Each structure stands twice: as structure tokens, then as C-alpha cells.
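Novice: Protein chains in written order, with the numbering used here: chain A, 1 to 466; chain B, 467 to 742; chain C, 743 to 1028. For glycine and all other residues, C-beta sits at the position ideal for the given N, C-alpha and C. Model, not experiment: these values are computed from the prediction. The structure under discussion is supplied below as C-alpha cells; questions concerning it will follow.
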Amino acid sequence: MRFESICHCEKIEATEGRFNRRSNPLFQPRDCVVRNYSASLRNFFLAMTVVMVGCGDHHSLSPGKIHLKLVHFYLDQKDTWQHDVIDPFQKAHPGIDVEVEAIPFGLYTTKIESAAASGTSLGDVVLIDDWFGQDLFKRNYTIPLDTFYQRDLHDSDFFTQFFTVWRKGNVPSGPLMAMPASGGVTALVYNKDLFDKAGVKYPDSSWTYVDFLEAAKKLTNNATDPAKKIWGILLDDGGFTGVDTYIYSNGGKILSDDKMRSTMMEPTTLAAVQSYVDLVQKEHVAPPPDPSQVLGQQFLFGHAGMMLHIDYAKTELAHATFRWDLTAPPRGSAGLLDRQNGQAFGITRTCSDPDSAWELIKWIVTLPSKQGINDLFFSAMPLYKPLAYSAEFLDGEPKCDRRALIAINNYGHLFTLITPGWQEWRDHGFVPNMQDMLAGRTSVHAGCAAIDKMIDEVLARNRSNP
Amino acid sequence: MKKTVRYLALAIVASIMIAPFLWMVITSLESPETLVRFPPQLIPSPPHFSNYSTVFRAFPVGAFFFNSVKISVLGTIGELLAASLAAFAFARMQFRGKRILFAVLLSTMMIPFQVTMIPVYIVMRYLGWLDNHAALIIPHFFGGAFASGAFGVFLLRQFFESIPKELEDASRIDGAGRFRFFLTILLPLSKPALAVLALFVFMGIWNDLLTPVLFLSSEDKMPLPFGLAVLQTVQHNFRYDLLMAGTLVSIVPIVLAYIFAQRHVTNSFLHVGLKG
Amino acid sequence: MKSRAAYLYLLPILTGLIVFTAGPVLASLGLSFTHYEIGEAPKFIAAANYSELLHSDLFWRVAQNTCYYVVLYVPSSILVSLGLALLIEPRIRGIAFFRTLYFLPVITSIVAAAIIWSWMYNSDVGLLNYLLSFAGISGPKWLQDPHWALPAIAIMSVWKNAGYNMMIFLAGLASIPKDYHEAARLDGSSAWSRFRHITLPLLSPVTFFVLVVTTIGAFQVFEQTFVMTNGGPGISTLTLSYYIWQTAFKFFNLGGASALGYIFFVLVMSVTALQFLIRRRWVFQQ
């Protein structure tokens, strides 16, 4: 912004006589300022226009090629994905260009829904987490993949126990709405150093909940100073998977088999929940849950001997200061019923080239390039058996007993409770009441009754709106 | 005596204000092993500077920084323009529907952003501004896509109202038009208010994560808060050390900008005193 | 003298108002009377969303949580910022240094601040309880305790925003003519009396502004819940803004979320209108 020369200003003053310096002290040579303001304003707007026009960075689409857009939330692994998945895919399929968008998990469904509501789709191939999968499938966000799957892939190559949750309605008869890529199970994670100190044998897949409670009692100490307190077991409040596994393995059921109504008030369920709550309230081997803390924090700090947690915990424990391992959860009166989780890739309804999209999905799920197997999917287990049994995965970092978890597929029964509206009845029904029960603020009967009511309400609401 | 008491109070408050930041700096130099130690140590030994190199490797700090600067500076200019023009009309002019319009404007501040989010997304799509910085900058020239302008209009109106009418009358007598008065007298005299507003608006835009994630898709267009989201990605990530390092990196530019600008803010405050 | 030119000055804001606010708000109002599934056309269901909400216990609990938070946060925030402004007002040496320091929390992103405080509130290894233990106080479980979680968020918000309102109060204090204070001091009145009879009244327009804006902001508390508690423990920190978010983007219920948004809007508007109504009682008009 260059000011006009003083000569020019004085000339104006002389000729126009508008701004009389002497009569009004507030008027410094503003006329120059006015001119300079206008000039600079004009220049500014010109510059702005240039910037705006230059803003648009329109992707130059190469003609003759198929364009696919992949959307995922593996934000911190995007380089691995580009290098180990996308680039090899594009090399093997030279006629297909893949564009990738990585979105933070916390805002993932926000973006999906905003895009869908505005009539656009976020992409062609979309990563879906089981947490919100059923809600999307109910709304036909993705297309059924049964034909593709049956044509190109075999059940024998996959851990098919993980497939049900990716079917519409979470029942075996529903169409497959997304191709399952990875899965996790609830595991019993334990601190080897604490076990050694207490002189308890490490858990293994032969354990029952009797062994479990016994060990927990031996591991818990009587210290009152939080720095020295050791708990036998760390529980989860329904935020993740431990409580479901416990209840079901001990003969209880949260939902009916057709996932249509709540069975929280059945005597077997109440008994199972009671024994879970007793771990905190009666046996004092577990602390009440803390919603502000990252799950497993006390275990990470070395203050808990065990926790029932999804095996994803292994990535958190990569830097633990103690020796640890994981194994299958104990068997209860009903055997081992293990609450699973997973992620899958779906083809959106608005995709213009499902065949190419399916090629990309097949590639992601089976990874012909055989690179980066341990680092994808947040280090969860690939559901494609050749990948899961590969040395790269089984011996990948962090090292732990992954074989024990895979073995669950053989003798255990994997389940999930995800229904349309799951997040709602979990967030407002299951978790708050579970927290209250574990903290002793409400009785098991009252808490389960409240959960029961909320589940039925939400399920009914999601049913009546087809 | 009174001065000592004041300084003591100032120091105590300062330590409360600054404690979380010191804690953040300390945590950013921890390693995952020392992070979980209790009682917490005040000086991590050895200091884990590699957290910062991890942060710089995790996302393109330079590019994100440049995007943030571009979006925030241009957006702030836009908001200031729109708000000062409108505030002037409210403070100094009479027109039909003035009270109703001000009430309506004020009420836009009470609308939760979730409610207008999707229709605004549709508008952006219609304008073709998706995945384009235009979606984040241009709305500010019209008061912002999420009613951020109302605050500015409210603030500036209060300040403009406090400037004596005599000044405008005097300039009118001298033959200056209303716009000239606005530009050459009112605005310079309102520097404190404008400076404060500019600061607030700039910070709001700089720290906003939701709007960029919603309207942008390509990573090369993302601003700095997106980098923090990258570090925070893993849902139950316990790497507070990395998170604190990343937070520090995202705060430093704006702190420096504030320290630099606040000298000017101070001067403006010193020269206020119209009714001397 | 009515002025047509006024509309020209208002043009940018008015355009924005219509395009980005009025239009979307009306669209949203329409949505609130529908059941909207993504991928299909919205289905008109009249006031069913509203009646469902007003009959839901959860909604009333959420409204209660929100109001409780506002009552905790707004007076504390105003008192603290006013106190800080008074503390920092005199132009003594080094005051600029302190002013910069006090503003630091404001320029941090709320997400970053929430993460730091979450870490500090940790009941086992957090800084806060550690420091309190030196004073012999065994600190509460903060974010783990349903009675303390919302106050904990309020405390954090006061810390975060104190500098913000402080700046506004400072500007207000600066515009009070020094002569008034001089004259009063010559007349022999005490500092407290001067504060009560000169500063406070002349500051009241600014105080009013701060009150209105802080209240509106308090109702919209969101990021703290999002980052620190997710509505827990139990549902003790489930606030309206977070609940709207969940309903829209986690439970995919856009119709219900729009209805919630409107109820929220009416609530905040009523509170603000009330503040404007009693304005004349205590705000000093020039």
C-alpha cells in the first residue's frame, strides 16, 4: 500500500478545499488516506479474485480410465495403504485410477450422512465399521455382494464366523452388504510380571471363570495408595466387548436370537450380570469403570493383572513397561461365547462401476501383493485365512499369542449384538446403566430393567420405520 | 504495598493459567514408558524429542500450516468487512425493520450448528465449492456459514454506539460523505474493538476442525487441526505424549501471531478514551 | 431520517443470512416434521418427533444437565473474567506479559485443551489430584464421578474462556473516562465505592453483552463432552448440543435431530429474551 506523495495531497487540499485542516483538528490529511484506502481496497479485491480463482484445484481426470474413490478412516496408516495396497493395485489394474480420502473416525459417519443427505456419495468403496454398519445397511447405503462373493471367493478361505454382522439385520439369512476384511475377538489380556509376582500360573484356553476368579483374588492386593494398588481384573462397562463375552459365556443373553427384542430380564441374564457386578462390589477384584480414562488405562499402568478386552489392545500395549500376553477368554457355563468386532468394505449404491469396485475390494481383502499385512486394519486379524496364517501376521509386532485367538474360531462361538439403532441403545441404555450398576449406584435388577426398556424402545422404533 | 499484592495475585493467576500448558510441554517430552509413571515426574529424563520428529513425519506440517494461514487470514478479513459494515448500519442509521433485523441476527447465534450443517453442505455442493478453500473463505465475507458474523455485528455495534454523534455531525458539516466518515474516522477510532474481533475471528477459524473435514476431501487442502486429528485417530490411543507434541506444534504459530499482534492491540487500548 | 443506503451496508450480512442461515433453518424446520432416512425422500409425520421428545425422560434429563451447566458456568465465568480484567487493568510494568499469558488458554483449540484437562483430571495419575494431595485433600474422581463430571467441565471451560471475556471487559473499562474516577477520588470516596457507583454501572452495557454471549455459548457446549466424557458417567454430562449430534450423526435420525435443534433454539431464545427484558433494570443507559 503506497501512499501518494505529499505534494499530491496538498494539491487536492488546495483545489477542493474540502478538508480544512485548521478548522477541525480531527482531520489529519485523511484525504490521502481515503485515496490510498480506495486504491488498496481495489487492489485487494483484485488479488482476492485471483486467489479465489486459483483456489479450485480440480482433479484432472485422465480420459479412458475408470475412476474409483476409496474412503477410509485409517488416518494414521494412509501411507501404508497407499504404498502397500493402492499402488500395487493400480499397477496390476492399469485401467483403474484410485483416489483415496481419509477421514477422522470421530467424524466419519457425519461426513457419510452429510454427503448422502445432499444426494452425493462419499465414494465408491467405503470402509465400514461394525459399530454403524447395520444402520447403513438398513438404509441400503451399500449394494449386496452375494453374487460377487459366490462367484469369486470361497467360504473355506475365510473365517466365516465373522460374516453374519455384515449381513442385513445381523442374521445368517440376510444379504451380504459389505465384504468383511478384518476382525477382532475379545481376549483375556494379562500382565505376566504381576502373575509372576503373585505366583499364579498364566491363563490359557482351558481356563474357566472359576480359575479366573481365583487368579483375580490372588492378584489383588490390599493397598489403598493408588500408586501401589493392584487389581486382579479390569472390567469394561459395555463400552467395548468384555461384558458381552462374560454375560453370554455364563449363560445370559442380552438380545433374543433373532435380535428383535431384549432378554435382559431373563433369570440367566440377571444372574450373569450379578456375578459381573459382584467382581467389583462383592469380591473387590475389579475397580469401577472410569469413562474419562482410555480403556485399559490401569492395565497399561501395570495396576491390573488381567482384562477382558478386544485384542486390539495389543497395539496399545506395544510400549508397555511390563511383559504381557493374551489368550482366549475363559469358558463359562455356556462354553466360550466371544463377542467379535470387525471392519468391512462396501460398494455404495451410487457407484457407477461395481465390477471395478469389487476388484478393488477383492484386492484389499486378499492382498495379492502380500505387503504390510500386519499394519493394515489397525493391526486386526485379516479374515482371509492365508493372510491370517502368514508369518508376517502371526509373528508381527507386537508379539503375542495370536494363534490362541485364531483357535477360538474352532471351539468358540463368535457373536455380536449390533442391530440398527445399536449405538443408541448402547450409548443411552446399556453403558450408563452398566456404569451405575458397577459403581454400586443402582441394583442389578433396576439397572437391567432400565436397559431392557431402552433396548426394546429403540428396536421397536427402528423396526417401525422401514 | 498494594502493588506487591497485585503482583502476587497476578503471579498466582498466571501459574493457574499456564500450568496445563507446562504440563502439556512436559508430557510431550515423555516416552510411552515414562508416561505412565506415578507420581508424575516434573522433568522427563531423558527428554524424548523424537516425539516431535514423529509429529512432523505424521502429517505435512508445512502444507497444513500454509492452508491454515490462508483460510484464517482471508476469512478474518471477510468477517471484519461484513460485520463492520452491518454494525455501522445498526449503530448509526435508521431504517425500516431495524430492531427486528437485529433480533433476527442475534437469534442466529442460538442455532446449534448441527441443525444447519446438512442444508449448508447442500448449498456448498450446489455452489460447487466442495473440496475447495472457497467453501471455507468466501462465506466469511457474508457473515460466515455458521452465523459467526452475528457476534461481530453485536460487538461492533456496541462500540460504534459509544462513539459520540458529534463526530459524525462534524464530518458531515465538512462535506464528507457517510462512507468516508465510516472509513476514515469511525474505523480507525474503533481499532481496539476491531483488533479484538479480528483476534477472536482468526482464532475461531484457525482452530475449527469440523468445517474443513466436512467440506474438504483432499488432504493437501487440509488445515492444521486436521493434523491433530491424524494423531488422535486411533480411537483408544494412549499416546498422550505424541498428542501433546502435536498440540504444541499446532498452537505455536498462533501464539507467536498473537504475541506479535498484541503489541498493536495494546497500543490501541492505550489510545482509547474518547470521552476524555 | 430513514436511510435506504443502510441496506447497502447490510447487504453482505443479509446475503449470508439468507443463504447460509435462513434457508437452512427453514429447511431444517421442515425436516423436523418428517422422518428422514438417507437415500430416501423424507416422510411427513407431523409433530411426531416433537411429541416423542417431550415425552422422553432422557430428553428432560438432558435439558436439565444443560441448564445446570449454564448455571454453573456463566456466573463463574463472568466473575472470574471481570476480576481478571480489574487485576490487569492498571498499566504497571510487565502487565503486557501477564495479559499475554492470560490469553493463552483462549487461543488453544478447545479440543487440545479438553485433551490436556482430561489427562489432568485423571483420577489415578492426573496432575490435579496429585497437587490436591499436597494440600491434604483427597480429590474427587472428577470425570469418573457423576456428581463432579459436569462441574469439572465447567471449571475447565472457565479456565479456557476467562481471557476472552477479560479482553472484552478490558475494552469496556478502558472506555470509562478517567475524570469520573479522579473527581470521585478528590471527593474522598473509597476504591470499593468507586467501583460500585462508577465502574459497575458504566460497565454494565459491556457486562450485558458478555452475559448474553456467554450464556448462548454455554448452552452450546459440545467439544468438551465430545472429547472428555461422551456423555458419561451414566448420562450426567449428556448436554443438548451433544445429544443433537448423536441423534443426527450416530443414530442417523435427522428428523429427530432437527426437532431437537428447534426445541434447543426456543430454549436459548427464551433465556436471551428474558435477559433483554430485565436489561433496563440494571444496565446503565447513556
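Applying the criterion that 16 or more other CB atoms from any shown protein chain within 10 Å of the CB defines a buried residue, is A:Pro94 buried or exposed?
Specialist: Within the first sequence, residue 94 of chain A is the residue found at index 94, counting from 1. The residue in question, A:Pro94, is exposed, as its Cβ has fewer than 16 Cβ neighbours within 10 Å.
Novice: Within its chain, find whatever has a CB closer than 6 Å to the CB of B:Phe525; leave out the 5 residues flanking it on each side and keep chain order.
Specialist: Numbered from its first residue, the second sequence carries residue 525 of chain B at position 59. Within the same chain, B:Phe525 has close Cβ partners Gly693 and Val696.
Novice: On a Cα-Cα basis, can you pick out the residue from A:Asn170, A:Asp452 and A:Tyr190 that is closest to A:Gly296?
Specialist: If you number the first sequence from 1, residue 296 of chain A lands on position 296. Out of A:Asn170, A:Asp452 and A:Tyr190, A:Tyr190 has the C-alpha closest to the C-alpha of A:Gly296.
Novice: Distance check for C:Ile852 and C:Trp901, CA to CA, integer angstroms please.
Specialist: Start at 1 with the first residue of the third sequence, and residue 901 of chain C comes out as number 159. Start at 1 with the first residue of the third sequence, and residue 852 of chain C comes out as number 110. The straight-line gap from Cα to Cα measures roughly 11 Å.
Novice: At 9 Å on the CB atoms, spell out the chain B contacts of A:Pro104, in chain order.
Specialist: Locating residue 104 of chain A in the first sequence gives position 104, counting from the first residue. In chain order: Leu675, Val679, Phe692, Ala695, Val696, Gln698 and Thr699.
Novice: So, are the CB atoms of B:Pro678 and B:Leu602 less than 8 Å apart?
Specialist: Taking the first residue of the second sequence as 1, we reach residue 678 of chain B at position 212. Taking the first residue of the second sequence as 1, we reach residue 602 of chain B at position 136. Against a cut-off of 8 Å, the Cβ pair of B:Leu602 and B:Pro678 comes out as a contact.
Novice: Taking C-alpha atoms, which residue in C:Tyr984, C:Lys785, C:Val822 and C:Ala960 lies nearest to C:Val969?
Specialist: By 1-based counting over the third sequence, the position of residue 969 of chain C is 227. Ranking C:Tyr984, C:Lys785, C:Val822 and C:Ala960 by Cα distance to C:Val969 puts C:Tyr984 first.
Novice: For A:Arg167, I'd like the list of residues in its chain whose CB is within less than 6 Å of its CB, leaving aside the five on either flank, ordered along the chain.
Specialist: As a first step, residue 167 of chain A must be located in the first sequence, where it is residue number 167. If we look at A:Arg167 and ignore the five residues flanking it on each side, its Cβ neighbours are Gly174 and Leu176.
Novice: With H, G and I counted as helix, E and B as strand and the rest as coil, what does DSSP make of C:Arg835?
Specialist: Locating residue 835 of chain C in the third sequence gives position 93, counting from the first residue. Note: C:Arg835 maps to coil in three-state DSSP.
Novice: C:Ile755 and B:Gly615: beta carbons closer than 8 Å?
Specialist: Working through the third sequence from its first residue, we reach residue 755 of chain C at position 13. Working through the second sequence from its first residue, we reach residue 615 of chain B at position 149. Contact: yes.
Novice: Does the distance from the CB of A:Lys78 to the CB of A:Gly123 come in under 8 Å?
Specialist: As a position in the first sequence, residue 78 of chain A is number 78, starting the count at 1. As a position in the first sequence, residue 123 of chain A is number 123, starting the count at 1. No, the Cβ-Cβ distance between A:Lys78 and A:Gly123 is not below 8 Å.
Novice: Any beta-carbon of chain A closer than 8 Å to the one on B:Ala727?
Specialist: Looking up residue 727 of chain B in the second sequence gives position 261. By this cut-off, B:Ala727 is not an interface position.
Novice: What I want to know is whether the C-beta of B:Arg591 ends up closer than 7 Å to one or more non-hydrogen atoms of the ligand GDP.
Specialist: The model depicted lacks the ligand GDP and carries no ligand whatsoever.
Novice: Relative to the C-alpha of A:Leu219, which candidate in A:Trp207, A:Lys385 and A:Ile233 has its C-alpha closest?
Specialist: The residue given as residue 219 of chain A occupies position 219 in the first sequence. The residue with the shortest Cα to Cα distance from A:Leu219 is A:Ile233.
Novice: Taking A:Glu316 as the query, report the chain C residues whose CB atoms sit under 7 Å from its CB, ordered along the chain.
Specialist: Position 316 of the first sequence, counted from the first residue, corresponds to residue 316 of chain A. Near A:Glu316 there are no residues of chain C at all, since even the closest Cβ is about 16 Å away, more than 7 Å.
Novice: Does any residue of chain C have a CB that is nearer than 8 Å to the CB of B:Gly609?
Specialist: For the purposes of this step, residue 609 of chain B is taken as the residue at position 143 of the second sequence. With 8 Å as the cut-off, B:Gly609 counts as an interface residue toward chain C.
Novice: With a 10 Å radius around its C-beta and 16 neighbouring C-beta atoms as the bar for buried, classify B:Ile482 as buried or exposed.
Specialist: The sequence position of residue 482 of chain B within the second sequence is 16, counting from 1. Exposed, by the Cβ-count rule.
Novice: Is it the case that the Cβ atoms of C:Pro888 and C:Ser978 are separated by a distance below 8 Å?
Specialist: Taking the third sequence and counting its residues from 1, one reaches residue 888 of chain C at position 146. Taking the third sequence and counting its residues from 1, one reaches residue 978 of chain C at position 236. In this structure, C:Ser978 lies closer than 8 Å to C:Pro888 by Cβ.
Novice: Distance cutoff 8 Å, beta carbons only. Does A:Ile128 sit that close to anything in chain C?
Specialist: Along the first sequence, read from residue 1 onward, the residue named residue 128 of chain A stands at position 128. So, not an interface residue.
Novice: Just verifying my parser: in three-state terms, what is the DSSP assignment at A:Ala460?
Specialist: Looking up residue 460 of chain A in the first sequence gives position 460. Helix, per DSSP.
Novice: If we define contact as Cβ-Cβ less than 8 Å, is C:Ile755 a contact residue for chain A?
Specialist: Along the third sequence, read from residue 1 onward, the residue named residue 755 of chain C stands at position 13. False, the Cβ-Cβ gap to chain A never drops below 8 Å.
Novice: Taking the alpha-carbon of C:Ala896 as reference, which of C:Cys809, C:Ser745, C:Ala926 and C:Leu824 has the nearest alpha-carbon?
Specialist: As a working mapping, residue 896 of chain C is identified with position 154 in the third sequence. C:Ala896 has its Cα closest to that of C:Cys809, out of C:Cys809, C:Ser745, C:Ala926 and C:Leu824.
Novice: For chain B, check one thing: does any of its Cβ atoms lie closer than 8 Å to the Cβ of C:Gly1003?
Specialist: Counting from one through the third sequence, the residue named residue 1003 of chain C turns up at place 261. Interface residue, yes.
Novice: Rounded to whole angstroms, what's the CA-CA distance from A:Gly119 to A:Gln90? Just pull it up for me.
Specialist: The residue labelled residue 119 of chain A in the question sits at position 119 within the first sequence. The residue labelled residue 90 of chain A in the question sits at position 90 within the first sequence. Each residue's alpha carbon lies about 29 Å from the other.
Novice: Is any beta-carbon of chain A found at less than 8 Å from that of B:Pro689?
Specialist: Stepping through the second sequence from its first residue, residue 689 of chain B is reached at position 223. No, B:Pro689 lies away from the interface with chain A (no Cβ there is under 8 Å from its Cβ).
Novice: For B:Glu627, collect the residues of the same chain with a Cβ closer than 6 Å to its Cβ; drop the 5 residues on either side in sequence, then sort them by chain order.
Specialist: Within the second sequence, residue 627 of chain B is the residue found at index 161, counting from 1. Excluding positions up to five away in sequence, the list reads Ala557.
Novice: Just to confirm the assignment, what range does the beta strand (DSSP E) spanning A:Leu127 have?
Specialist: In the first sequence, the residue the question calls residue 127 of chain A occupies position 127. That run of the beta strand (DSSP E) goes Val125 to Asp129.
Novice: Just to confirm before moving on: does the CB-CB distance between A:Thr435 and C:Gly974 stay below 8 Å?
Specialist: In the first sequence, the residue the question calls residue 435 of chain A occupies position 435. In the third sequence, the residue the question calls residue 974 of chain C occupies position 232. In the sequence under discussion, the amino acid at residue 435 of chain A is Gln, which differs from the Thr named in the question. In this structure, C:Gly974 lies closer than 8 Å to A:Gln435 by Cβ.
Novice: Near B:Ile509, which residues of its chain fall below 8 Å by C-beta distance, leaving aside the five closest residues on each side in sequence?
Specialist: Here the question's residue 509 of chain B lines up with position 43 in the second sequence. Counting only Cβ-Cβ distances below 8 Å, and skipping sequence neighbours, we find Ile492.
Novice: Identify which residue in A:Ser275, A:Gln161, A:Trp207 and A:Leu145 has its Cα closest to the Cα of A:Met179.
Specialist: Residue numbering aside, residue 179 of chain A sits at position 179 when the first sequence is read from its first letter. Looking at the Cα atoms, A:Leu145 is the closest of the given residues.
Novice: Check the Cβ-Cβ distances between A:Leu75 and every residue of chain B, and say whether any is below 8 Å.
Specialist: Sequence index remark: in the first sequence, residue 75 of chain A carries index 75 (1-based). Closer than 8 Å: yes.
Novice: What do you reckon, are the CB atoms on C:Gly881 and C:Leu892 nearer than 8 Å?
Specialist: Position 139 of the third sequence, counted from the first residue, corresponds to residue 881 of chain C. Position 150 of the third sequence, counted from the first residue, corresponds to residue 892 of chain C. No; because the gap between Cβ atoms is not below 8 Å, this pair is not in contact.
Novice: Can you pull out the residues from the segment 764 to 782 of chain C whose beta carbon lies closer than 8 Å to at least one beta carbon of chain A?
Specialist: Answer in chain order: His777, Tyr778, Glu779, Ile780, Gly781 and Glu782.
Novice: Among the residues of its own chain, which have a CB less than 6 Å from the CB of A:Lys138, if the five just before and after it don't count?
Specialist: The residue given as residue 138 of chain A occupies position 138 in the first sequence. Excluding residues within five positions, the ones whose Cβ falls inside 6 Å are Pro420.
Novice: Going along the chain, which residues of its own chain have a beta-carbon closer than 6 Å to the beta-carbon of A:Ala374, five neighbours each way excluded?
Specialist: Working through the first sequence from its first residue, we reach residue 374 of chain A at position 374. Position check: residue 374 of chain A holds Asn in this sequence, whereas Ala was assumed. Glu392, Phe393 and Gly396, listed in sequence order.
Novice: Pick out whichever of A:Glu101, A:Pro88 and A:Leu438 has its Cα sitting closest to the Cα of A:Val285.
Specialist: Your numbering for residue 285 of chain A matches position 285 in the first sequence. Minimum Cα distance to A:Val285 is reached at A:Leu438.
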